[in-house]
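Right, one structure below, let's go through it.
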Amino acid sequence: MRVIGTAGHVDHGKSALVAALTGTHPDRLKEEREREMTIDLGFGWLTLPDGEEVGIIDVPGHRDFIENMLAGIGGIDAAILVIAADEGVMPQTREHLAILDLLQIPSGLIALTKTDLVQDPAWLGLVTRDIQLALANTSLRDAPIIPVSAKTGDGLNPLISNLQFLLQNKSPRPNLSRPRLPVDRVFSMAGFGTVVTGTLNDGTLSVGDEIEILPSGLRGRVRGLQTHKKKEEHAVPGSRTAVNISGVNAEQIRRGEVLAKPNQYQPTRRLDARFRLLADASAALQHNDEVKFFIGASETIGIVRLLGVEQLAPSEDAWIQLELREPIVAVRGDRYILRRPSPSETLGGGSIVDPHPSGRHKRMDESVLASLELMAGGSPSEMLMQAALALGVGTKRELAERARVNESIAEAAIETLIADGSLIALGESLVITLSQWEDLRDKAIEQVAAHHKNFPLRRGMPREELKSKLKLDARLFNLLITNYELHNLLIHSAGFLALPSHKVIFSVAQQIKVDALLNRFASAPFATPSVKECVAEAGEDVFVALADTGAVRLVSPEVVFRTADYESLVAGIKSALLERGQISLAEVRDLFGTSRKYAQALLEHLDSIGVTVRDGDVRRGK
16 MRVIGTAGHV DHGKSALVAA LTGTHPDRLK EEREREMTID LGFGWLTLPD
66 GEEVGIIDVP GHRDFIENML AGIGGIDAAI LVIAADEGVM PQTREHLAIL
116 DLLQIPSGLI ALTKTDLVQD PAWLGLVTRD IQLALANTSL RDAPIIPVSA
166 KTGDGLNPLI SNLQFLLQNK SPRPNLSRPR LPVDRVFSMA GFGTVVTGTL
216 NDGTLSVGDE IEILPSGLRG RVRGLQTHKK KEEHAVPGSR TAVNISGVNA
266 EQIRRGEVLA KPNQYQPTRR LDARFRLLAD ASAALQHNDE VKFFIGASET
316 IGIVRLLGVE QLAPSEDAWI QLELREPIVA VRGDRYILRR PSPSETLGGG
366 SIVDPHPSGR HKRMDESVLA SLELMAGGSP SEMLMQAALA LGVGTKRELA
416 ERARVNESIA EAAIETLIAD GSLIALGESL VITLSQWEDL RDKAIEQVAA
466 HHKNFPLRRG MPREELKSKL KLDARLFNLL ITNYELHNLL IHSAGFLALP
516 SHKVIFSVAQ QIKVDALLNR FASAPFATPS VKECVAEAGE DVFVALADTG
566 AVRLVSPEVV FRTADYESLV AGIKSALLER GQISLAEVRD LFGTSRKYAQ
616 ALLEHLDSIG VTVRDGDVRR GK
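Quick note: the sequence shown uses this note's numbering, first residue 16, plus one each step.
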């Protein structure tokens, strides 16, 4: 399924030619028929001799309606530039030709229309030479020029044959499994509801699919699909598609929005792009100039930030960063057009290199310019690396989608990048660049080292505290910690993280307090000082360190034993249970010569960790 777009000066016969080719007059608005001029986008369908069906978009030619023309011309496979034989190249001819060139429409032909009005062969020769001069240095410089008359039908067959030849030599649109349909029409049909139309890119749509309208975020479902007025179960990339949507009202959707599957695209207000100012632009482009930005079927106002230059003269190109008033959906490689809001003028255009830059660039930063150059023309590996740097961390599929690289090619390139150490695999799915992994590693070690310095008597930094400091989501943080443990960068124990070199060392004064406290424990191992008394005698940091290092074991907020004594208590209770099958609180008290307070705290602790189970007034082994 291919889509062809017409372009050309007003009243040069675009609509008449589409009607002659398709049998359908594209002027669907009453005002268009009254004025005999296309205001909005019109559509027709044609079956080529080889059986391929082709959609034709007829776009306005009058200067006042050129912005509607931009909404339709961006999603086409080839163009028919219409030039009337009786008038030749006119102002809108040149402007439309410039737009086709800026959008890099890959192929096209010239329809020299209204030949029935010209009887002088010399005049046709002059017009043809004028057209050839206009086409020079554009993407259509090799396009065939076909004389034709929509009125008499002369030349229609050669036009169709040339069109078929152009399309036979064009590769199909890529299927990246990320369908997006820029909406150029939206309406409601009785008995059906909301219908949107556009040219489908980057993936397929099927009846029943859940969809999202961006940037609004409205959700709905595909109720039906039509291509060339035929019902379809699936729509393929490059097809002119009508989508019947359930769950969203027509009044809620605007032309220029994008229909996509949920969670596959993120709207943006900032873009990095390459831009070329047209040679016949009326003035240089200045930093912070206000422009109209056109991409897909959308338009919005934006501000141009020139990168690396102070101003841009006609015919020059440069890197720019666009700050947009309204969010749009774009991907790397999309073509766009800029126009001056007032007085109205097409300035130029180019391609999107990064639809989601991390922030506002320093205008004269050479590293920024070098990175943009790499992203613009790099190999798959280079583009994947740039995508990885922009994402921070992502799945292999996310890298392929952002870099706009075929998934199978991306898979092989990513494996090579992992093998040579440029990318680090985190688990089975996530990858991160070596530089970013090292940066996160250094920040993690720095944070843990700082915690050791501030709290030298603690066994480590709480895991959740480090996660918060690094500002990472749980999935990435867990994978990083696993990786750090694997490489012996950090030691993880009971929810705490420490450097392998970290040891709790008491000062002389602190050690004296520790020895005195432990002597008290030794003198009465089953009637020990309370936690409050321990803190008062040794200090809170010292007591916490004793617990962290395993010297003492807390069994309740108030009761604590030396670890060796605690283990002796547990062993004695387990032995009694094996012998008797049960044990009471009083029996524990008497067995160890302690008080009810200690015996009760110990048994409740053993209940909580599953060593014992309470059964009335006794405990049994679990």
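Backbone N, C-alpha and C define an ideal beta-carbon position, used for all residues, glycine too.
Nearest-angstrom Cβ-Cβ length linking Gly59 and Val33, presumed shorter than 8 angstroms: 5 angstroms
Anticipated Cβ contact below 8 angstroms, Ile260 with Val237, distance rounded: 7 angstroms
Beta-carbon proximity list for Leu389, same chain, < 8 angstroms, skipping 5 on both sides: Glu397 and Gln401
Per-residue DSSP class, three states only, for Pro173: helix
Run of the alpha helix (DSSP H) containing Tyr499, from where it starts to where it stops: Ala489 to Leu501
Nearest to Gln134 (by Cα), restricted to the options Gly239, Glu548, Pro162 and Val258: Pro162
Delimiting residues of the alpha helix (DSSP H) encompassing Thr578: Thr578 to Arg595
Identity of the residues DSSP links to Ser599 by a beta bridge: Val633
Residue range of the unbroken alpha helix (DSSP H) whose run includes Ile429: Glu422 to Ala434
Neighbourhood of Pro471 by C-beta distance below 8 angstroms, restricted to the same chain and skipping five residues each side: Val519 and Ile520
Enclosing beta strand (DSSP E) for Pro540 [first to last residue]: Neither: Pro540 is in no beta strand (DSSP E) and is coded neither H nor E.
Cβ contact (3+ pairs, closer than 8 angstroms) linking the stretch 549-557 and the stretch 525-536: yes
Alpha carbon of Gly235 to alpha carbon of Ile226, nearest angstrom: 5 angstroms
Pro572 versus Val557 - alpha carbon distance: 17 angstroms
Residue(s) in a DSSP beta bridge with Thr448: Leu438
Option nearest Lys486 by Cα separation, candidates Leu455, Phe511 and Gly475: Leu455
Ser203: first and last residue of the uninterrupted beta strand (DSSP E) it sits in: Arg200 to Met204
Exposure label - Trp334; buried when at least 16 CB within 10 Å: buried
Cβ pair count under 8 angstroms reaching 3, the stretch 379-387 against the stretch 290-297: no
Cβ-based neighbour list, Leu593, same chain, cut-off 8 angstroms, excluding 5 preceding and 5 following: Gly636
Reduced DSSP secondary structure (H/G/I, E/B, other) of Ile316: strand
Three-state secondary structure assigned by DSSP to Gln462: helix
Cβ shell of Val626 (< 8 angstroms), same chain only, five flanking positions each side left out: Val585, Ile588, Lys589, Gly636 and Lys637
Proximity winner among Gly213, Pro173, Ala265 and Ser583, relative to Ala250 (alpha-carbon distances): Gly213
contact_flag[the stretch 108-126, the stretch 149-169] where n(CB pairs < 8 angstroms) is 3 or more: yes
Reduced DSSP secondary structure (H/G/I, E/B, other) of Leu112: helix
Alpha-carbon to alpha-carbon, Gly348 and Glu413: 16 angstroms
Bridge partners - Tyr613, DSSP secondary structure assignment: Tyr613 pairs with nothing; no bridge assigned.
Start-end ranges of the beta strand (DSSP E) lying completely within the stretch 504-552, minimum 3 residues: 506-508 and 511-513
Cβ-based burial, Arg340 [other Cβ within 10 Å; buried from 16]: exposed
Identified DSSP bridge partners for Pro197: Val273
Gly140: first and last residue of the uninterrupted alpha helix (DSSP H) it sits in: Pro136 to Leu150
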